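Structure first, commentary second.
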Amino acid sequence: GIQVEQSPPDLILQEGANSTLRCNFSDSVNNLQWFHQNPWGQLINLFYIPSGTKQNGRLSATTVATERYSLLYISSSQTTDSGVYFCAVGGRAAGNKLTFGGGTRVLVKP
Amino acid sequence: NAGVMQNPRHLVRRRGQEARLRCSPMKGHSHVYWYRQLPEEGLKFMVYLQKENIIDESGMPKERFSAEFPKEGPSILRIQQVVRGDSAAYFCASSPPGTETQYFGPGTRLLVL
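From first to last, the protein sequence lines stand for chains H and B.
Just so we're aligned, residue 18 is where the first sequence starts under this note's numbering, counting upward by one.
Just so we're aligned, residue 91 is where the second sequence starts under this note's numbering, counting upward by one.
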């Protein structure tokens, strides 16, 4: 099946800093989603982005499908950005199921 | 439009008991997925269902676990004779026909004593 690797595994930021999270995947995909799991365990949809670039407030994401990676940018980080960020992908061979990466644990310090 | 609903949000069971987890998809969504998150790990796919059909159960443990999505009512994930290793967060997701985006519920946290 598809392999998904996220880096870095952990990230500590000072409030106001910018950061980039990376997601590499091993095969072509027709679905790629970014999620934020907050400290209470809720999974929040950030982006559906199998290709191209999208922006939503301080967050933006870019997927380069031909090179099999996606990037999530957090600008002007806030303490509420803390949590774990997951990338999940789905490929045609995999049907509709999503394969999750191991996540990037982000801690934003005030 | 209410989001994906799961209940109960927390469930405590003793070893050997049964656990039933419920998931109501978003209105208009006919595809339901179950994922499991073990402590300090990422989410792992378990099963994909459409109304009255199991489409893909490649992630389901071979024994004690079953899932259904009846014509009427919520999807049910059933775990028989629970063991401590079943303690995890179980997430349900749904999607409308013809799209890939999956929307996740708040999860059910199962604790087996």
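Glycine included, every Cβ here is placed at the ideal spot set by N, Cα and C.
Note that the coordinates shown come from a computational prediction; the quantities given were computed from them, not determined experimentally.
Under 8 angstroms Cβ-Cβ, which residues of chain B neighbour residue i?
i, result
"Leu124/H", "The contacting residues do not exist; Leu124/H stays about 15 angstroms from chain B at best."
"Thr116/H", "Phe135"
"Gly107/H", "Glu190"
Straight-line CA distance for residue i to residue j?
i, j, result
"Pro129/B", "Pro151/B", "17 angstroms"
"Gly120/H", "Asn143/B", "31 angstroms"
"Glu84/H", "Pro67/H", "12 angstroms"
"Val101/H", "Arg122/H", "4 angstroms"
"Asp146/B", "Glu158/B", "12 angstroms"
"Gly108/H", "Ser156/B", "25 angstroms"
"Glu162/B", "Gln20/H", "36 angstroms"
"Asn55/H", "Arg174/B", "25 angstroms"
"Cys113/B", "Arg105/B", "23 angstroms"
"Glu22/H", "Tyr138/B", "23 angstroms"
"Arg154/B", "Asn73/H", "42 angstroms"
"Ser185/B", "Pro164/B", "14 angstroms"
"Phe43/H", "Lys114/H", "Rather than Phe, the amino acid found at residue 43/H in this sequence is Ser. Distance between the alpha carbons of Ser43/H and Lys114/H is about 15 angstroms."
"Leu30/H", "Trp57/H", "20 angstroms"
"Asn41/H", "Ala92/B", "33 angstroms"
"Val122/B", "Asn97/B", "15 angstroms"
"Ser45/H", "Arg103/B", "41 angstroms"
"Thr191/B", "Ala105/H", "11 angstroms"
Please go through the same chain and pick out, in chain order, the residues whose beta-carbon is closer than 6 angstroms to the beta-carbon of residue i, but skip the five residues on each side of it.
i, result
"Leu111/B", "Leu167, Tyr180 and Thr198"
"Ala78/H", "Trp51, Phe64, Ile66, Lys71 and Leu89"
"Glu108/B", "Gln170"
"Ala82/H", "Ser68"
"Ile48/H", "The sequence given here places Asn at residue 48/H; Ile does not occur at that position. Closer than 6 angstroms at the Cβ level, and outside the excluded window around Asn48/H, lie Pro67 and Gly107."
"Gly118/B", "Pro186"
Leaving aside the five residues before and after residue i along the sequence, list all residues of the same chain whose C-beta is less than 7 angstroms from its C-beta, in chain order.
i, result
"Ser177/B", "Leu200, Leu201 and Val202"
"Met136/B", "Trp124, Tyr125, Arg126, Gly149 and Met150"
"Glu32/H", "Ser94, Gln95, Thr96, Val125, Lys126 and Pro127"
"Gly188/B", "none"
"Ile91/H", "Asn35, Ser36, Arg75, Leu76 and Asp98"
"Phe194/B", "Val94, Phe181 and Ala183"
"Asn62/H", "Gln50 and Phe52"
At a CB-CB cut-off below 9 angstroms, which residues of chain B make contact with residue i?
i, result
"Asn113/H", "His121, Tyr123, Tyr138, Ile145, Asp146, Ser185, Glu190 and Gln192"
In its own chain, which residues sit with a C-beta less than 8 angstroms from the C-beta of residue i, not counting the 5 before and 5 after it?
i, result
"Gly132/B", "none"
"Arg99/B", "Pro196, Gly197, Thr198 and Arg199"
"Lys134/B", "Tyr125, Arg126, Gln127, Leu128 and Gly149"
"Pro26/H", "Gly119, Gly120, Thr121 and Arg122"
"Lys141/B", "Ser120, Phe159, Pro160 and Lys161"
"Leu28/H", "Ser36, Leu38, Thr121, Arg122, Val123 and Leu124"
"Tyr86/H", "Arg39, Cys40, Asn41, Phe42 and Thr80"
Please find out if some non-hydrogen atom of the ligand NAD comes closer than 7 angstroms to the beta-carbon of residue i.
i, result
"Leu88/H", "As far as ligands go, the structure on display features none, and thus does not contain the ligand NAD."
query = Relative to chain H, which residues along the segment 170-188 of chain B have a C-beta separation below 9 angstroms, given in chain order?
reply = Ala179, Phe181, Ala183 and Ser185
task = Using a Cβ-Cβ cut-off of less than 9 angstroms, list which residues of the segment 122-134 of chain B approach chain H; keep chain order.
result = Taking 9 angstroms as the Cβ-Cβ cut-off against chain H, the residues of the segment 122-134 of chain B that qualify are Tyr123, Tyr125, Gln127, Glu131, Gly132, Leu133 and Lys134.
task = Determine which residues of the segment 191-203 of chain B have a Cβ less than 9 angstroms from any Cβ of chain H, and write them out in chain order.
result = Thr191, Gln192, Tyr193, Phe194, Gly195, Pro196, Gly197 and Arg199
request  = With 7 angstroms as the limit, tell me which residues of the segment 56-68 of chain H have their beta carbon closer than that to any beta carbon of chain B; keep them in chain order.
outcome  = Gly58, Gln59, Leu60, Asn62 and Tyr65
key: chain B contacts made by the segment 28-53 of chain H, where a contact means CB separation under 8 angstroms   = Asn47, Asn48, Gln50 and Phe52
Residues, ordered as in the chain, of the segment 73-104 of chain H that lie near chain B by beta-carbon distance below 7 angstroms = Phe103
message = Going residue by residue through the segment 92-175 of chain B, where are the continuous beta strand (DSSP E) segments of at least 3 residues, counting only ones entirely within it?
response = Here the runs fully enclosed are 95-97, 100-103, 109-114, 121-127, 133-140, 143-146, 155-158 and 165-169.
request  = Mind listing, in chain order, the continuous beta strand (DSSP E) runs of no fewer than 3 residues lying wholly within the segment 32-85 of chain H?
outcome  = 36-42, 48-54, 60-65, 69-73 and 76-81
request  = Counting only runs of 3+ residues fully inside the segment 175-202 of chain B, write out the beta strand (DSSP E) ranges in chain order.
outcome  = 178-185 and 198-202
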